[in-house]
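One structure below.
Protein chains in written order, with our numbering: chain R, 79 to 507; chain A, 3 to 366.
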């Protein structure tokens, strides 16, 4: 009569229940001896960068037995949002920019590192601007792990020297050099801002570098925090200064259409043609990653510091980096955080290349080539250092209207309208 | 069975209370195991093989046992009640999942769309006001409309035309599979392919993009296909048409084949030419299929996201609603606006979906 095999169901459920309870320790239970402790880190470095990061963590893993599991994604912002909202946060987040870190800190999701790390050791290890950049509302929530320098102009060394050009020391000299190249029948600049969804960010870097040079770091800070609006005359001046180069069809390979449609990674390639398609290319320290394999950095291509405009603001350096924040407070996570604040934590990566340490104790000898060493020195000797402003603004502006504003300005829209529209998009709280 | 059951009844284990108690205990154990497993799965220090084992045990065995036990319990009820309750035992989990994954998120989204960026403060209709007044949003609505009209119109017409034309040729299967082929490519994959079609290099340099290579070969200046407005929106629409025409063709071809040959012969005898037959016999005959195919394409187009995201991410005036929703949610972290856009999209799809379901029902 009864269709259900009752003894079967009973034994099934019993077997299931017992096997489940038997096969593993309770989650809340402290770890049994011998089990490896694991700390998860989620960040934005992928592929070769991720391998180099993992290599830098290996000495720590061997020393402590704590297993550091790094997971990286090019879609960092999306995935970290999904993981945080979904209640599955990593132990440590490696933010590629502090904007999101500030938001999470204000929402109370990040651990106060002042209580975890030794403040004296921190102030010895980092110059104060790095600590300030990791501090939100007087609470330290992030420590800097990697730095990059953006205020660089790259040039093809043999062709540059053959033409008899000299490295400019001031903005006017830079423009004079550009004119000279035009007079010699060449094209001075290669600029490309195409980066699919992120098209426009290259332009924001230019604006930031220029604003630091025309109006100084105080105005820059006020601009980043929207204490002075986007349509302020000083910001407008920075756009116009950029326009002196960008909107001059003689200066730029391919003109404005070329700027808009050339992928930023390919933009420097015409430098190595015969004769060179261009002689100057402003891009961050990561440029060599995108160069053709036959080009040897240091021999075929070198950089100079983007010259100052207003001498009273000195030689400011604009840059970026990766900042580490702690989400879950467990003893082993604390240990990893402590390790990350030492220069040693970046050594393997620095030696492999593609890494600048923000740490005072990082040895210049670690860097594999003169090019990286020169960047590290530039960073060390900077009068002022400022972080990439668009990365610190709210996402709607920094990764939204600021980017489209650059595109609109290039496409010929009226500058006042462009700036007003960016200002209007600033979130009101 | 009957003979055996009389013998069993004597045992204590099989007494009436035990027979009811057993499934209840079993169910309690199962739910306890479910609860415990959710905790276990989140344990960062659990080895992967244990997680796998638990997931398998819970997911496969657990669900089976749950159904067995629940059914067992229901069988203890008086027969009339058991028959009434049983369907719900089997449909129940499905309904519960439907509620958890469909109804609840929808209501939640509706609620969030009235809150601010961080979902903390009530802002009323502000997010919707933004959606209908912001400049890029207006562009997004315009573009979505363009996509709707052009993709649906062109891919359905082309599909029908090809279906009719190809019906008469000997190499029909080959032609159809060639046109159907893009259907097998994901939207993202197709976008990557078309990036090479539209690639741009400054004038005077070798063009790696097919279109610009042809165009400069004919003596023109290279065109920034994805950057020049409003050309870029049409360039993106072409990709979707390329992807969808095959789908329309296959379904419409089946419909065209079902047109009775007597009807066509009668029309020919009456003196109709092929064009008249196409418009006055074939189209009326397959009109219901055309409607179904069109509504399917409409729903797909309303949700268009991948192509725009990969090619331009909504820059240069190519924004569409779904892409903007993603940007608001994940790039700008404005949950209120993102939710509002999701609701708008849902409302836009709703009438088409209802129409589609109705026509399916009528067809059945």
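By construction, the Cβ of each residue, glycine as well, lies at the ideal position given by its N, Cα and C atoms.
Under 8 Å between C-beta atoms of residue i and residue j
| i | j | result |
| --- | --- | --- |
| residue 409 of chain R | residue 429 of chain R | no |
| residue 245 of chain A | residue 185 of chain A | yes |
| residue 357 of chain R | residue 238 of chain R | yes |
| residue 320 of chain A | residue 146 of chain A | no |
| residue 306 of chain A | residue 242 of chain A | yes |
| residue 233 of chain R | residue 402 of chain R | no |
| residue 173 of chain R | residue 400 of chain R | yes |
| residue 111 of chain A | residue 345 of chain A | yes |
| residue 282 of chain R | residue 500 of chain R | no |
| residue 290 of chain R | residue 464 of chain R | yes |
| residue 254 of chain R | residue 292 of chain R | no |
| residue 434 of chain R | residue 225 of chain R | yes |
Chain A contact for residue i (CB, 8 Å cutoff)
| i | result |
| --- | --- |
| residue 485 of chain R | yes |
| residue 345 of chain R | no |
| residue 505 of chain R | yes |
| residue 116 of chain R | yes |
| residue 282 of chain R | no |
| residue 335 of chain R | yes |
| residue 420 of chain R | no |
| residue 338 of chain R | yes |
| residue 274 of chain R | yes |
| residue 332 of chain R | yes |
| residue 315 of chain R | no |
| residue 277 of chain R | yes |
| residue 139 of chain R | no |
Any C-beta of chain R under 8 Å from that of residue i
| i | result |
| --- | --- |
| residue 5 of chain A | For residue 5 of chain A, the predicted structure reports a pLDDT of 44, less than 50, and the residue's modelled location is therefore unreliable. The matter cannot be settled from this model. |
| residue 291 of chain A | no |
| residue 315 of chain A | yes |
| residue 229 of chain A | yes |
| residue 208 of chain A | no |
| residue 275 of chain A | no |
| residue 129 of chain A | no |
| residue 22 of chain A | no |
| residue 219 of chain A | no |
| residue 119 of chain A | yes |
| residue 103 of chain A | no |
| residue 113 of chain A | no |
| residue 144 of chain A | no |
| residue 326 of chain A | no |
| residue 226 of chain A | yes |
Span of the beta strand (DSSP E) around residue i
| i | result |
| --- | --- |
| residue 232 of chain A | Run containing residue 232 of chain A: none; DSSP gives neither H nor E here. |
| residue 119 of chain R | 116-121 |
| residue 145 of chain R | 145-150 |
| residue 379 of chain R | 379-383 |
| residue 232 of chain R | 230-234 |
| residue 400 of chain R | 395-404 |
| residue 131 of chain R | Element bounds for residue 131 of chain R: not the beta strand (DSSP E) but the alpha helix (DSSP H), 126-142. |
Spatial neighbours of residue i in its chain, beta-carbon cut-off 8 Å, leaving aside the 5 residues before and after
| i | result |
| --- | --- |
| residue 47 of chain A | none |
| residue 442 of chain R | 451, 454 and 455 |
| residue 43 of chain A | 53, 56 and 57 |
| residue 190 of chain R | 217, 218 and 219 |
| residue 337 of chain R | 269, 270, 271, 324, 330 and 488 |
| residue 278 of chain R | 271, 480, 481, 482, 483, 484 and 485 |
Residue i, enclosing alpha helix (DSSP H) - first and last residue
| i | result |
| --- | --- |
| residue 164 of chain A | 137-168 |
| residue 1 of chain A | Lying outside 3 to 366, the shown extent of chain A, residue 1 of chain A is not represented and no answer is given. |
| residue 221 of chain R | No alpha helix (DSSP H) contains residue 221 of chain R, which is instead part of the beta strand (DSSP E) from 221-227. |
| residue 36 of chain A | 18-43 |
| residue 484 of chain R | 480-488 |
| residue 277 of chain A | 276-279 |
| residue 171 of chain R | Run containing residue 171 of chain R: none in the alpha helix (DSSP H); it sits in the beta strand (DSSP E), 170-173. |
Contact set for residue i: own chain, Cβ-Cβ below 6 Å, skip 5 residues either direction
| i | result |
| --- | --- |
| residue 486 of chain R | 496 |
| residue 287 of chain A | 261 |
| residue 205 of chain R | none |
| residue 174 of chain A | 168 |
Residue i Cβ short of 7 Å to the ligand HEM heavy atom set
| i | result |
| --- | --- |
| residue 112 of chain A | Ligands displayed in this structure: none; no statement on the ligand HEM is therefore possible. |
Own chain, CB closer than 7 Å to residue i, minus 5 neighbours either side, in chain order
| i | result |
| --- | --- |
| residue 83 of chain R | Here the model assigns residue 83 of chain R a pLDDT of 40, short of 50, so the residue's position is not dependable, and the following value carries that caveat. Taken in chain order, the list of residues that qualify is empty. |
Practice prompt. Taking only beta carbons into account, state which residues of the segment 143-171 of chain R come closer than 7 Å to chain A, listed in chain order.
Written response: 155, 156 and 159
Worksheet entry | Short-range partners of chain A found in the segment 465-486 of chain R, where Cβ spacing is below 8 Å | 472, 473, 474, 477, 478, 481, 482 and 485
Worksheet entry | Near-chain R residues of the segment 27-50 of chain A - C-beta to any C-beta below 9 Å | 27, 28, 29, 31, 32, 34, 35, 38, 39, 41, 42, 43, 44, 45, 46, 47, 48 and 49
Fill in: Chain-ordered residues of the segment 228-249 of chain A with a beta carbon less than 7 Å from chain R
229
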